[in-house]
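The sequence shown begins at 12 in the working numbering and counts up one residue at a time. Backbone N, C-alpha and C fix where the C-beta goes; we use that ideal spot for every residue, glycine too. The structure presented is a predicted model; accordingly, all values stated were derived computationally and were not measured.
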Amino acid sequence: MVFSKLWLNYKKLDDTRKRILISCEHSLKESAAFEELQTAMKAMLPEAIVLWKSEVFDDDSYLIVLGIHPELDREEYTIAASLNITEICGGSEAGLLYGVFEFLKRTALAGGFIGFNAQAKPSQPLRMLDHWDNADGSIERGYSGKSFFFKDGELLVNERTVMYARLMASVGINGVVINNVNVRGSAKRLLTKDYADSLEELGELFGRYGIKLFICPDFAAPISVGGLDSADPLDERVINWWKECCASLFSRIPNLGGFLVKADSEGQPGPFAYGRDHADGANMLARAVAPFGGLVIWRCFVYNCAQDWRDLKTDRARSGYDNFMPLDGRFDDNVILQVKNGPMDFQVREPVHPLFGAMKHTKLMAEFQLAQEYTGQQKHVCWLVPMIKDILGFHTKHDMQDDRVSRTVCGVAAVANTGDDFCWTGSELAAANLYGYGRLLFNEDTDLDELAEEWAQLTFGDDEQVISAVSEILKGSHKAYEDYTVPLGLGWMCKPNHHYGPDPWGYEFDRWGTYNRADRNGIGVDRSPAGTGYSAQYAPEWAEVYGDIDRCPDDLLLFFHRVPYTHKLRGGKTVIQHIYDAHFEGYEQAEHFAALWASLKGRVDERTFKNVSERFEEQLNCAKEWRDIINTFFHRLSGIDDKQGRKIYN
Ligand code: GCU
12 MVFSKLWLNY KKLDDTRKRI LISCEHSLKE SAAFEELQTA MKAMLPEAIV
62 LWKSEVFDDD SYLIVLGIHP ELDREEYTIA ASLNITEICG GSEAGLLYGV
112 FEFLKRTALA GGFIGFNAQA KPSQPLRMLD HWDNADGSIE RGYSGKSFFF
162 KDGELLVNER TVMYARLMAS VGINGVVINN VNVRGSAKRL LTKDYADSLE
212 ELGELFGRYG IKLFICPDFA APISVGGLDS ADPLDERVIN WWKECCASLF
262 SRIPNLGGFL VKADSEGQPG PFAYGRDHAD GANMLARAVA PFGGLVIWRC
312 FVYNCAQDWR DLKTDRARSG YDNFMPLDGR FDDNVILQVK NGPMDFQVRE
362 PVHPLFGAMK HTKLMAEFQL AQEYTGQQKH VCWLVPMIKD ILGFHTKHDM
412 QDDRVSRTVC GVAAVANTGD DFCWTGSELA AANLYGYGRL LFNEDTDLDE
462 LAEEWAQLTF GDDEQVISAV SEILKGSHKA YEDYTVPLGL GWMCKPNHHY
512 GPDPWGYEFD RWGTYNRADR NGIGVDRSPA GTGYSAQYAP EWAEVYGDID
562 RCPDDLLLFF HRVPYTHKLR GGKTVIQHIY DAHFEGYEQA EHFAALWASL
612 KGRVDERTFK NVSERFEEQL NCAKEWRDII NTFFHRLSGI DDKQGRKIYN
């Protein structure tokens with residue numbers, strides 16, 4: 012089994028020490044923290060011997076002391092250094108592990124023992140990754156090969172899973188959902204004895220690395236595996252079935268964190284079929300897992316996916332709020348609603364979801380998508396971390412002490428972008444999303460310039476030119492992608508189903524509620540109070556801004572308003588000119604990034620160079636299609652020429 016170690020590829024340090032001494036209580040010798048430190052030290056100082064004791068301490072040794080300090084928070088750590096000694100403490104084994112990873116990271120970046128002090132604890136309590144892996148080994152919206160969790164119906168626990176747990180723990184992930192929210196095939200049997208042994212083994216492995224294991228159950232499991240004729244959440248037989256199921260599940264898998272549920276959404280079963288609502292469904296499951304400290308994470312991605320395009324009243328953007336806001340206060344304490352970052356579906360630009368800050372009596376979690384479904388499918392480079400940081404830092408303007416999204420939630424989840432290919436994420440550059448996501452949730456004040464450079468250095472080595480080129484590419488990539496695809500918040504001009512490449516009317520007459528309504532007079536959807544009224548779902552200050560065509564931010568204008576092509580943006584340009592400029596400039600940026608990468612030939616290893624070069628070639632081809640098709644589409648509709656006289660095909 013060959014796979015990259017990504018940012019945990021510990022390199023040799025510039026240090027001639029003969030001995031590395033690791034001192035800790037006997038009980039910690041079995042911990043992941045101790046093991047990681049040993050592995051890393053052996054790779055970083057191959058000539059030194061690594062010992063578990065401190066007696067032979069002299070000038071030729073470096074001593075690392077590991078300990079647990081119960082006065083620290085569970086996931087908190089401290090690092091204290093003096094000459095030739097570093098002491099790392101955690102509030103628990105998980106906190107200690109985070110401390111060890113921090114020590115190793117800083118040592119790797121500095122190329123030696125620098126002796127530093129630090130103290131940290133995570134900004135977000137729940138830091139999760141949701142895998143959309145199917146039991147047959149395929150991955151929904153997977154762009155990095157097959158699943159490494161499942162193969163032909165079997166759950167795998169092997170070397171790769173261990174490496175995965177190490178990678179995730181190193182960036183602070185503490186919860187992982189292993190299967191697709193659309194529960195298909197054998198995954199329905201995850202609740203049964205069929206998977207008991209392998210789930211237990213995986214749970215144990217995750218537990219060692221401070222990660223709780225979660226699964227997506229089939230809401231209709233009482234029927235699909237239980238043999239009942241109903242899954243009605245208020246039916247006593249159903250309630251008892253879940254209670255028994257959870258009792259045996261949790262007793263076999265002590266590290267099970269609970270369930271993630273997609274119900275009454277895109278064809279998944281749910282409480283609506285029985286005339287019940289989402290609170291009825293979620294609470295029924297919550298009561299079954301509560302005796303074991305389990306959580307039910309319930310998704311708010313509920314909308315009418317059989318809409319008639321002729322219907323101008325129904326607005327998919329409204330659906331999350333319309334479905335869940337009336338239920339505020341009805342959910343049990345161990346239910347968390349998982350809300351996508353925007354009201355539609357992981358587009359390159361959407362407004363922040365209006366439920367954040369609005370539901371004051373319900374626990375919420377924010378959901379992002381690292382799998383680049385709509386953002387270039389890991390063929391285009393698109394670093395999503397700045398967008399995630401912006402959204403978490405968004406002031407909801409709801410009446411509360413700290414109104415930022417990050418403070419209105421008790422956790423964050425992201426759809427994973429991994430698979431079983433050598434580099435885990437299809438493109439080697441896409442691993443920057445995985446790394447940056449975890450680091451940002453651990454410390455929401457993380458400086459993104461430093462983050463990009465740090466990832467590049469840990470991944471590609473110390474060459475300054477490589478670090479600077481890679482971080483420049485990462486930092487500009489989201490804007491470039493947005494510019495050459497769908498600027499101004501319009502969204503959905505991609506090809507239907509697989510969501511790659513341009514098709515301006517691909518979704519226009521379909522059932523998904525994703526329309527741009529472009530015609531010869533104008534473009535955009537009126538979501539102001541005079542239109543669908545979506546803008547009124549925000550706190551008053553934002554409702555006013557978004558609802559007012561003159562105050563709405565340019566980058567969301569076409570999400571909230573329908574305007575003529577000659578409408579002037581706040582920056583002074585017309586909408587049509589902005590569309591042309593963005594497409595030409597976005598493409599040029601992509602060309603610039605490809606050239607920057609090409610300049611690194613011989614500075615990164617051949618395999619990496621080839622992996623990314625091939626993707627840039629595809630990115631440029633596809634970006635050119637986006638540029639020309641979208642520009643032509645709007646030129647044909649509007650009849651307005653580009654002021655700069657650039658080539659627009661007709
Ligand atoms: C999108 C995506 C689906 C996915 C869904 C979800 O619609 O295309 O594949 O199942 O999101 O988040 O549930």
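Residue 188 sits away from residue 243, with the two beta carbons spaced by 8 Å or more. With distances taken between CA atoms, residue 183 lies nearest to 108 out of 108, 236, 194 and 210. When the Cα atoms are used, residue 635 and residue 160 turn out to be separated by approximately 36 Å.
Annotation for residue 139: the continuous beta strand (DSSP E) segment containing it runs 137-141.
For residue 152, the CB falls within less than 7 Å of some heavy atom of the ligand GCU. With a cutoff of 8 Å on beta-carbon distance, residue 389 and residue 426 are scored as not near each other. Judged by DSSP secondary structure, residue 76 falls within the beta strand (DSSP E) whose first and last residues are 72-79.
The alpha-carbon separation between residue 641 and residue 378 amounts to approximately 29 Å. Proximity of the beta carbon of residue 193 to the ligand GCU is indicated: a heavy atom of the ligand is located closer than 7 Å. In this structure, residue 361 places its C-beta atom within 8 Å of the C-beta atom of residue 502. Residues 100 of the same chain have their beta carbon placed closer than 6 Å to that of residue 78, with the five preceding and five following residues left out of the count. Here residue 129 carries a strand assignment [DSSP, helix/strand/coil]. Among the bridge pairs identified by DSSP, residue 501 is matched with none. Here residue 604 has 484 as same chain residues with Cβ atoms under 6 Å from its own Cβ, once five neighbours each way along the sequence are excluded. Of all alpha-carbon atoms in 248, 199 and 259, the one lying nearest the alpha-carbon of residue 230 is that of 199.
By alpha-carbon distance to residue 586, the top candidate from 404, 565, 134 and 328 is 565. Within the region 42-110, complete beta strand (DSSP E) segments of at least 3 residues are found at 60-62, 72-79, 88-93 and 96-101, given in chain order. For residue 356, the distance from the CB to the nearest heavy atom of the ligand GCU is below 7 Å.
Contact between the region 441-457 and the region 465-484 is established, with three or more Cβ pairs separated by less than 8 Å. Taking 8 Å as the cut-off, the beta carbon of residue 540 is found closer than this to the beta carbon of residue 558. For residue 293, the closest C-alpha among the options 304, 270 and 652 is that of 270. For residue 198, there is no enclosing beta strand (DSSP E), as DSSP gives it neither H nor E. Residue 459 places its beta carbon less than 8 Å from that of residue 396.
Residue environment analysis places residue 201 among the buried positions, since at least 16 neighbouring C-beta atoms fall within 10 angstroms of its C-beta. In summary, residue 93 is exposed, with fewer than 16 beta-carbon neighbours lying within 10 Å of its beta-carbon over all protein chains present.
Of the candidates 516, 533 and 532, 516 places its Cα closest to the Cα of residue 526.
Here the C-alpha atom of residue 646 lies approximately 8 Å from the C-alpha atom of residue 661. With fewer than 16 other Cβ atoms inside 10 Å of its own Cβ, residue 41 counts as exposed.
Here residue 233 has 239, 242, 249 and 252 as same chain residues with Cβ atoms under 6 Å from its own Cβ, once five neighbours each way along the sequence are excluded.
Secondary structure of residue 513 (DSSP, three-state): strand. Within its own chain, the residues whose Cβ lies closer than 7 Å to the Cβ of residue 288, once the five positions on either side in sequence are excluded, are 282 and 338, listed in chain order.
Taking the Cα positions, residue 96 is about 28 Å away from residue 17. Cβ atoms of residue 268 and residue 225 come within 8 Å of each other, at about 5 Å.
One thing to note: residue 492 has its Cβ no nearer than 8 Å to the Cβ of residue 406. By the C-beta density criterion, residue 57 is exposed, having fewer than 16 other C-beta atoms within 10 angstroms. Assigned with DSSP and collapsed to three states, residue 624 falls in helix.
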